[in-house]
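Q:
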Amino acid sequence: MTAAPGRADRVFITGASSGIGAALAREYAARGAVLGLLARRREPLAELAASLPYPERHRIYAVDATDDGAVALAAADFIAAKGGADIVIASAGISHGTLTERAGDLPVFETVFATNVGATVATFAPFIGTMKSQGGPCRLVGIGSVAGIRGMRGAGAYCASKAAVHSYCESLRLELRGSGIKVVTIAPGYIDTPMTRLNRFPMPFLMPAARFAAQAVEVIARGHSYRVLPWQMGVVAKLLRLLPNALFDLAFSRAPTKQGKGEA
């Protein structure tokens with residue numbers, strides 16, 4: 131998206147202290163954007179901001195993305211300081227292996243949904259009214275996952291939460307049609323981040339986070355409604371969606387599971 135003459139894009143990113151969120155922050159900052167960066171951990175957030183071009187232009191918020199009230203206050207501060215927002219990216223996300231029969235995994239399900247789904251809604255909500263009043267092209271960006279295309283063994287919480295992000299963003303896209311706000315859903319495949327480095331299985335088409343961010347920024351600028359990155363995983367996702375259940379179950383019922391919370 132091209133900023134108005136004489137003004138940089140104003141971009142607010144949650145989950146910004148590491149992984150995809152940090153990579154997006156670096157990419158946008160390199161393109162001259164003014165950033166609002168939100169994450170739980172203040173120290174890595176401050177280190178990231180200090181490493182960006184013109185660090186004094188950016189604002190950081192050491193806030194848990196699942197704290198709706200704190201997120202709303204951060205959003206209000208950013209809007210007041212920068213006069214609005216052009217792009218809001220809900221990038222906060224966690225992943226833990228889960229088994230429904232395993233004692234203690236119900237709270238893990240709840241935490242994963244609160245972070246991956248609830249925090250996405252809480253991130254977008256405070257910005258919508260302001261974005262409508264701005265009159266220019268704005269973007270709300272949900273970070274889904276190819277894991278949301280089909281459920282995988284041992285990843286019920288993560289897969290279901292990302293499927294929910296996809297459906298939620300689709301609903302929001304319809305709600306905001308004609309408002310000047312475009313809703314963009316990006317479904318990453320395997321991106322090289324601290325979260326994926328814990329995976330105990332092969333990761334085809336593993337993509338460096340910086341390359342993902344560069345491509346994602348272009349997708350956001352064009353206002354695509356949905357895109358899988360890298361594109362090769364988009365092909366895989368379509369094939370998985372078309373695979374009959376009997377064949378899907380046969381192929382993946384013995385697949386390795388994700389690491390559970392607290393596992394070494």
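First residue of the sequence shown? That's 131 in my numbering, and the numbers climb one at a time after it. In this text, a Cβ means the ideal position worked out from N, Cα and C, and glycines have one as well.
#1: I'd like to know whether the C-beta atoms of Val314 and Ile350 end up nearer to each other than 7 Å.
#2: Starting from the C-beta of Arg357, find all residues in its chain whose C-beta is less than 6 Å away, skip the five residues before and the five after it, and write them out in chain order.
#3: Which residue wins for smallest C-alpha separation from Ala138, given the options Glu173, Phe378 and Ala163?
#4: Taking its Cβ as the centre, do 16 or more other Cβ atoms sit within 10 Å of Pro256, making it buried, or is it exposed?
#5: Suppose contacts are defined by Cβ-Cβ distances below 7 Å. Is Ala152 in contact with Leu178 by that definition?
#6: When DSSP builds the beta bridges, which residues end up paired with Leu312?
#7: Between the C-alpha atoms of Gly259 and Ala215, what's the straight-line distance to the nearest angstrom?
#8: Kindly indicate which residue of Gly266, Phe254, Tyr158 and Ala244 has the alpha-carbon position closest to the one of Gly292.
#9: Nearest CA to the CA of Thr241: which residue from Ser147, Ala287, Thr323 and Met282?
#10: If you scan the region 210–243 from start to end, which runs of the beta strand (DSSP E) of 3 or more residues do you find wholly inside it?
#11: Quick check on Asn246: buried or exposed, where buried means 16 or more other Cβ atoms within 10 Å of its Cβ?
A: Concretely, from the data shown:
#1: As a position in the sequence shown, residue 314 is number 184, starting the count at 1. As a position in the sequence shown, residue 350 is number 220, starting the count at 1. Result yes, Cβ atoms of Val314 and Ile350 sit closer than 7 Å.
#2: Looking up residue 357 in the sequence shown gives position 227. Contacts found: Ile316 and Val349.
#3: Position 8 of the sequence shown holds residue 138. That would be Ala163, whose Cα lies nearest to the Cα of Ala138.
#4: Locating residue 256 in the sequence shown gives position 126, where the first residue counts as 1. So Pro256 counts as buried.
#5: To locate residue 152, count along the sequence shown from 1; it is residue 22. To locate residue 178, count along the sequence shown from 1; it is residue 48. Ala152 is a Cβ neighbour of Leu178, given a cutoff of 7 Å.
#6: Counting from 1 along the sequence shown, the entry for residue 312 is found at position 182. Residue identity check: residue 312 is Lys in the sequence provided, not Leu. Within the DSSP secondary-structure output, Lys312 pairs in a beta bridge with Arg269.
#7: As a first step, residue 259 is located in the sequence shown; it is residue number 129 there, counting from the start. As a first step, residue 215 is located in the sequence shown; it is residue number 85 there, counting from the start. Looking at the two C-alpha atoms, the distance is approximately 11 Å.
#8: Residue numbering aside, residue 292 sits at position 162 when the sequence shown is read from its first letter. Checking the displayed sequence, the identity of residue 292 turns out to be Lys instead of Gly. When each option's Cα is compared against that of Lys292, the closest is Ala244.
#9: Stepping through the sequence shown from its first residue, residue 241 is reached at position 111. The option with the nearest alpha carbon to Thr241 is Ala287.
#10: Segments of the beta strand (DSSP E) lying fully in the region 210–243: 217–220.
#11: What you label residue 246 is simply residue 116 of the sequence shown in a count that begins at 1. Buried: at least 16 other Cβ atoms inside 10 Å.
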